[in-house]
Each structure stands twice: as C-alpha cells, then as structure tokens.
Amino acid sequence: MSDQKDLLRAPFELAYNYKRSSGPLMSKFFDALAEQKILGTKSSTGKVYAPAAEFDPETHESLSDLVEVGPGGVIESFSWIEEPKHHHLIKNPFAFALIKLDGADTSMLHMVTECDEEDLKIGSRVTANWSATIENRITDIKFFTLEK
Amino acid sequence: MSEEEKKDYAESPINLEYHYTAGSATTRFLNQVKEGKIVGQSCPKCSAVYVPPRGSCPRCGVATNIEVPLTDKGCIESFTIVHIPIPGNPIVPPYVCAMIRLDGANISFLHLIQGIDVEEIRIGMRIQAVWKPKDEWTHSLENIKWFTPIDEPDVDVATLRFQES
Amino acid sequence: MRKVAIVGYAQHPILENAGALNEVELIMPVVHQLFDELGISQNNIDFTCSGSCDYLQGAAFAFVEGLSAIQTNPPIKESHVEMDAAWAMYESMLKIQMGDADTALIYGFGKSSPGRLDSIISLQMDPYYISPLWPDRVSLAAIQARVLLEKNIITPEQMITAVIEARTNSKNNKNALVTELVDKEAYLASENISSPLNEFDCPPISDGSSAMIIASEEKAYEFTDHPIFIEGIDHRIESSNIGSRDLSKPSGILASIEQLKLEKIKFDVAELHTQFSHEVPYLQSVLNLSDVPTNLSGGPLVGNVMMCAGLDAIGKTYESLKSHDFTNGLAHASSGPCLQHNMLVHLEKKS
Chain A
4 MSDQKDLLRA PFELAYNYKR SSGPLMSKFF DALAEQKILG TKSSTGKVYA PAAEFDPETH
64 ESLSDLVEVG PGGVIESFSW IEEPKHHHLI KNPFAFALIK LDGADTSMLH MVTECDEEDL
124 KIGSRVTANW SATIENRITD IKFFTLEK
Chain B
2 MSEEEKKDYA ESPINLEYHY TAGSATTRFL NQVKEGKIVG QSCPKCSAVY VPPRGSCPRC
62 GVATNIEVPL TDKGCIESFT IVHIPIPGNP IVPPYVCAMI RLDGANISFL HLIQGIDVEE
122 IRIGMRIQAV WKPKDEWTHS LENIKWFTPI DEPDVDVATL RFQES
Chain C
133 MRKVAIVGYA QHPILENAGA LNEVELIMPV VHQLFDELGI SQNNIDFTCS GSCDYLQGAA
193 FAFVEGLSAI QTNPPIKESH VEMDAAWAMY ESMLKIQMGD ADTALIYGFG KSSPGRLDSI
253 ISLQMDPYYI SPLWPDRVSL AAIQARVLLE KNIITPEQMI TAVIEARTNS KNNKNALVTE
313 LVDKEAYLAS ENISSPLNEF DCPPISDGSS AMIIASEEKA YEFTDHPIFI EGIDHRIESS
373 NIGSRDLSKP SGILASIEQL KLEKIKFDVA ELHTQFSHEV PYLQSVLNLS DVPTNLSGGP
433 LVGNVMMCAG LDAIGKTYES LKSHDFTNGL AHASSGPCLQ HNMLVHLEKK S
C-alpha cells in the first residue's frame, strides 16, 4: 500500500438532470399538490394508501380510486436530527417522520420542523405546510408542523 | 412535446459529490506523467504492457507490478472524426479522436490528433505526443495537448495484436 | 436437488479509507488468497458472480472494471448483482443446483469512503415520493428503532448491550475496523446522529472486499474433507412502500423461518447483517436466538463493507462452524431500508 500522503485525490460531482414521468395515477397526486390537496388511493378492501399508491402491496390489485386525505395527520414514528447535514433540505433541527394522514391507513414519509425534539411524540398531530413554488414534486409539501 | 405532455414530467435532479482516490497503480502512473514521462506496467505472467495501467492484468488476474518506461511515440490503431459539437467540450469540430497505441504497449488509449487535415488521417499512421509547456504539467494525461503525425512509415496494425505465448 | 457447500472464504482487512487501493487492487488479494488456500486457479472455476454498487464508485458499469481482478482469459462465465454479494452467492448456488456449474467464485467489494453514503443510499428509495426528501440511512433506521422501542419489543439497554458486545467480539475478527471497547457511560454521553440512534448505534463507514468459493457436493470433497453445506436458503422482500409496512412485524423473515423450518433446528452460532444496534436484539428475538452466540465476529457494527457485509455474515458463520465444535449455523443478509430484504441461510457441518 502506498503512503496515504502521496495519494492522488480529486473531487468530482456526479449530476443527472433527470425528468421523471409520473404516470397516470401519480400525476394526479402531484397535480393535486398544486391545489394544496393530498390524495390517497382506496383498495377494494377499503384500505386507503397515502400518498396515492399505484398498487396494493397486500392484494396486488392496481389502484385508481382517488380520495382526499389530510392535510392533518398523526406521527407514527420519527427520527430527530439536531444537526442537519449537507444533503438535508431543512437546515434547522427537524425530524423525518412517518405520518398517517387523516383518512389514510398507511403512512407517508416527510419532514417535521419548527419544534423541539421534546415536542414530538408518536401520536402527535401535525399538518402540512406548502412550498411557495409548485414543481410537481413531493417537496411541494414543504414540511409538516405541529398542529396549533 | 405539447404543454399537456410537458406537465407530466417533473424535474428530478440528482447530485452526488465524491472524493476520488487514484489507488496504487494509477498514482504511480500519474506521478510519472507529472514529470513528462509515460511509464506503463507489465504483467509478470503474460508480459502484456498496459498504459495507462489500472493495476491488474485482466487476462491473468494478477497485479502488474513491473514498471515499463515507454516513449511518447506510437501509431493510430483506430480513429473517429467528430463532426457534432458536444456540450461543454471546448474543441471545435471537426476533430479527431484516436486510439493511440504507444510503441511497446499492448493496449491503446483515447486521445486527440491535431496538426493534419482530418481527411488524411489513417489507421497505422505514426504519431508523437505534443506536450503542454512544462510549467503547466499536472497529474493528468492532459499534459499531452494532442498527438501529431511524424514522418515515419505506417505500421501494419495487425502486427500489433497481442501474441499468445 | 444437488447439494452445495462452501469450501473457502476470505476477507480483506476492513479499512476506514482504502484510498491507496483501487477496487481491483482491493479484490485481487482476497481472490488470490482463496485460490492459494485451495491450490486452484480461475481455470477451476465454472461460474463467477460479484456483488457491488456502481453508485458507490460514481461510475456507470463500474462493476465491469472489478472483473480485471480475476483472470478472464480464456473467457469466463460470469454475472453480477447490484446488491450485496450474499445475493451473488444465491445466484451462484442456483447455477450449481441447476447443473450448469460445479464450482463458483463469489466476490463482493465496496468503498464507501469516496462518496457520501447517506446521499447515495437515499437514491435506493422510491424516486417520486421519498428520494427527493433525501432521507439518510441512519434516519430511516432510527424510525424503525423508535417503533421497536415504543412497543417495548426491544429496550435501550439491549441496544447498549449490542454495541458493547460487538466491540468486545471484534477481538475474534482480525479484519475488524472498530476494535476500541466502549462502556455504558461513553455510550450514554454520545450525541445522537438521528435520534434515537447515536454514533455507537451506527456502523462505521468502511472499505473492503470479500470472496467465497462454493461447490457441488462431489466437487466440495475434492477441496476439503469438511465442506460446510448450505442446507437452506430463503430470501423475502417486504413492500417498497415503507409507510405501508408494519416496521415492528418482520413478515418476510417469519415466512422464511417457516419455509426453512428453522424452529426445528438447534443453532450453535449465528451471524446477522445487523447494521444498527437496535436490529441485533430485534432479530435475535424474531429468530429465537437468545441462547445462540450471535455475531461472534462483532458483525457490521465493527466493520460494514457495503455490498459485502451480507456475504461476510455467511462467511463468518462458515468460519465459526469450521473452527469450532459446531454443527448448525444461521446467517442473515439484508438490503433496503428498515430490513426490507432479508435472506436467511442455514449452514451445516457434516460429521
């Protein structure tokens, strides 16, 4: 092994400007975000998947029955990041959380902020905050905050 | 694409940052390139000479631990004339990318050919490196600006094929 | 069905930063070590399969260059999985069972040091709903840890024990990266990375490689008098829709336990691909391993080479069976967030 200090190093950045087609079902989900609405899909068993799932992982049926859920919901679990790292979108302390939106039977991963770690519990109620610019992305929901 | 279709596409950029480290074989090679020297590495089993070396002989699966100094002369093993501009590439088309086989090497590598009308370029043509000024040398094959034809008889590239021992 | 046995395993010392070695230079020593131990060459190998992740190197088709580490002339039959090399072993085993090969070389390699592993692992998630949020691997694991703690399926004390034992067991593993012992006070004083997980709960960023050779029953006895047989193997995947999973119910593993009839086997040793401390007591409980020596190698908490650590769990189980008076071993490999993929491998030493 050669000496570490003689080692040649070079930084490089790998960047892809992908454009993704959301397909017939998820594009309805993203269109609804522009109107500050969150959609889920209902399966034949009555179970509501949110964010809108294209298929039911249990029955394997394809899903198309869209229902509005949220914008409030309950934290099912979370992790708290006191010191965000470079790749995190929120630069203040925040949580990644699984949020079961009102009317849904499954959870959505998103971020919760503008609170302290002690304020969050499994079962805490949160509500969606919206981004100023609409990009047809999941980040059109800026983050969730504790319900007042 | 219609407006309706466009709406169906969402920007989804990916950015990843890396700190590449060269590893042992490439570090040895590039340290020589920095000094204006080209040093290939040869396989202790089949004696094939690799330039630029990656540290192993992919034929035999062993480390290429023998350093082999080479000259900056060789021949064109194959080439292509690039007519379309590539975004971000400062070279103005048409230009020539060629597989360069240095004398004594058993593999070729990609570099530019300049100093000749593109129509006259042919396989087997003898070429030599044109180096940047010494004070601009770094740990990069870009120390060689390009290769240019020299006044020597063409080589039959069929003779360059690796001879199985 | 043809029986398949492991006849050799080699692991590169796990490094924090293997910058002085490129991927090929990392792979060559372990492959050569195996060949030398068995007195064979690539010419004795019918099928070669590797496991790696191109995103770790940041170059498309980077795995192809890895092949330069092995002799490919005359041309060889080979394949690659963009997964942990444990799955390369699974593919190789099937190849042998189908009669297409009698011997197989498996290798895995991964350097996490050049890139930012947290960003890279985010990209394995759903690209519409999840990846754009850049959830890091620790935060996703922490979400599962909190569910398990909240439901009292595991306790904080068990997590501390897992960390302390991993460090203690690292003495059994000459290739371990983390060998410094830790006590409860140091653990409790550590800052959270993503609560409830602190730095001790997480695996170290690791570089390395491993290789294994497996063979059909007849061939295996040509290499060794004591081959270790793969008596059972099962891989299950849970939903990629993380929000629809019950993170406290390992439905895939439970199905594997039934498939492999594990409840009837008395295991002497187990090596689990548990990357985070909370996964150790969780899987020990799910797999009924409370009385079984688990992760004697220290496991991923003392060295976690991406795309290798699952193969290493199988390899370390193999080594334990070989060097102790053990008969049955259980190895576990995983992939995806919150133990989404799980593969269980039952190894047995014939007396």
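Residue numbers (our numbering), protein chains in the order written: chain A, 4 to 151; chain B, 2 to 166; chain C, 133 to 483. Virtual Cβ for every residue (Gly too), placed ideally from N, Cα, C. Just so you know, these numbers come straight off a predicted model, no measurement behind them.
Sequence-distant residues of its chain with Cβ nearer than 7 Å to residue i (five each side left out)
i	result
residue 422(C)	416
residue 398(C)	460
residue 392(C)	364, 366, 476 and 478
residue 258(C)	372
residue 84(B)	94 and 95
residue 405(C)	432, 441, 442, 445, 464, 465 and 466
Same chain, Cβ closer than 6 Å to residue i, neighbours up to 5 away in sequence not counted
i	result
residue 394(C)	none
residue 12(B)	none
residue 390(C)	none
residue 231(C)	none
Interface residues of chain C facing residue i [CB-CB closer than 9 Å]
i	result
residue 23(A)	259 and 260
residue 13(B)	259, 260, 263 and 264
Exposure label - residue i; buried when at least 16 CB within 10 Å
i	result
residue 241(C)	buried
residue 326(C)	buried
residue 121(A)	exposed
residue 139(A)	buried
residue 330(C)	buried
residue 164(B)	exposed
residue 227(C)	buried
residue 284(C)	exposed
residue 102(B)	buried
residue 143(B)	exposed
residue 167(C)	buried
residue 79(A)	buried
residue 115(A)	buried
residue 128(B)	buried
residue 19(A)	exposed
residue 114(B)	buried
residue 9(A)	exposed
residue 457(C)	exposed
residue 196(C)	exposed
residue 316(C)	exposed
Amino acids of chain B, ordered along the chain, whose beta-carbon sits closer than 8 Å to that of residue i
i	result
residue 190(C)	17, 19 and 21
residue 246(C)	19, 20, 21 and 22
Chain C residues whose Cβ lies nearer than 7 Å to that of residue i
i	result
residue 84(A)	271 and 326
residue 67(A)	Per Cβ cutoff of 7 Å: no residues; residue 67(A) is ~16 Å from chain C at best.
Own chain partners of residue i with C-beta closer than 8 Å, once the 5 adjacent residues on each side are dropped
i	result
residue 162(C)	142, 143, 144, 239, 341, 342 and 343
residue 312(C)	299
residue 304(C)	428, 429 and 430
residue 470(C)	272, 273, 275, 276, 374, 377 and 379
residue 193(C)	186
Listed by chain order, chain A residues near residue i by CB distance under 9 Å
i	result
residue 28(B)	5, 9, 10 and 11
Chain A contact residues for residue i, given Cβ-Cβ distances below 7 Å
i	result
residue 169(B)	With chain B running from 2 to 166 in the structure shown, residue 169(B) is simply not present.
residue 251(C)	90
Cross-chain neighbours of residue i in chain C, by beta carbon under 8 Å
i	result
residue 109(A)	373, 375 and 376
residue 43(B)	Per Cβ cutoff of 8 Å: no residues; residue 43(B) is ~15 Å from chain C at best.
residue 80(A)	275, 276, 278, 279, 282 and 379
Under 7 Å from the C-beta of residue i: neighbouring residues of chain B
i	result
residue 255(C)	15
Closer than 8 Å to chain F by CB, residue i
i	result
residue 25(B)	Note that chain F does not occur in the displayed structure, where the protein chains are A, B and C.
Interface positions of the segment 371–390 of chain C facing chain A (Cβ-Cβ less than 9 Å), listed along the chain | 371, 372, 373, 374, 375, 376, 377 and 379
Residue ranges of each beta strand (DSSP E) run of no fewer than 3 residues wholly in the segment 160–240 of chain C, ordered along the chain?
-> List check, beta strand (DSSP E) in window: 179–183 and 210–213.
Closer than 9 Å, Cβ to Cβ, to anything on chain B: give me those residues from the segment 335–354 of chain C, in chain order.
-> none
Scan the segment 47–64 of chain B for residues whose Cβ lies nearer than 9 Å to a Cβ of chain C and list them as they occur along the chain.
-> 47, 55, 56, 57, 58, 59, 60, 61, 62, 63 and 64
Contacting positions in the segment 265–293 of chain C - beta carbon closer than 9 Å to chain A | The segment 265–293 of chain C vs chain A, Cβ under 9 Å: 265, 266, 267, 268, 270, 271, 272, 273, 274, 275, 276, 277, 278, 279 and 282.
Using Cβ-Cβ distances below 7 Å, what residues of the segment 10–34 of chain A are close to chain B?
-> 10, 11, 12, 13, 14, 15, 16, 17, 18, 19, 20, 21, 22, 23, 24, 25, 30 and 33
Given a limit of 8 Å on CB to CB distance, which residues of the segment 402–436 of chain C reach chain B?
-> none
Which residues, in chain order, does the segment 121–147 of chain A contribute to contact with chain B at a C-beta distance below 7 Å?
-> 138, 139 and 140
In chain order, which alpha helix (DSSP H) runs of at least 4 residues are fully inside the segment 339–408 of chain C?
-> 349–355 and 383–391
Identify each residue in the segment 52–65 of chain A for which the Cβ-Cβ distance to at least one residue of chain C is less than 7 Å, and report them in chain order.
-> 52, 54, 56 and 60
In chain order, which beta strand (DSSP E) runs of at least 3 residues are fully inside the segment 24–112 of chain B?
-> Correct list: 39–43, 67–71, 74–83 and 96–103.
Any chance you could list the beta strand (DSSP E) runs of at least 3 consecutive residues sitting entirely within the segment 82–117 of chain A, in chain order?
-> If we require 3 residues or more, the beta strand (DSSP E) runs fully inside the segment 82–117 of chain A come out as 97–104 and 111–116.
Interface residues of the segment 88–102 of chain A facing chain C [CB-CB below 9 Å] = 88, 89, 90, 91, 92, 98, 99, 100, 101 and 102
Positions along the segment 166–178 of chain C whose CB lies within less than 8 Å of some CB in chain B = 174
Whole beta strand (DSSP E) elements within the segment 39–69 of chain A, 3-residue minimum = 41–45
Taking only beta carbons into account, state which residues of the segment 139–155 of chain C come closer than 7 Å to chain A, listed in chain order.
-> 151, 152 and 153
Within the segment 277–350 of chain C, note down every full beta strand (DSSP E) run reaching 3 residues or more, in order along the chain.
-> 324–326 and 337–348
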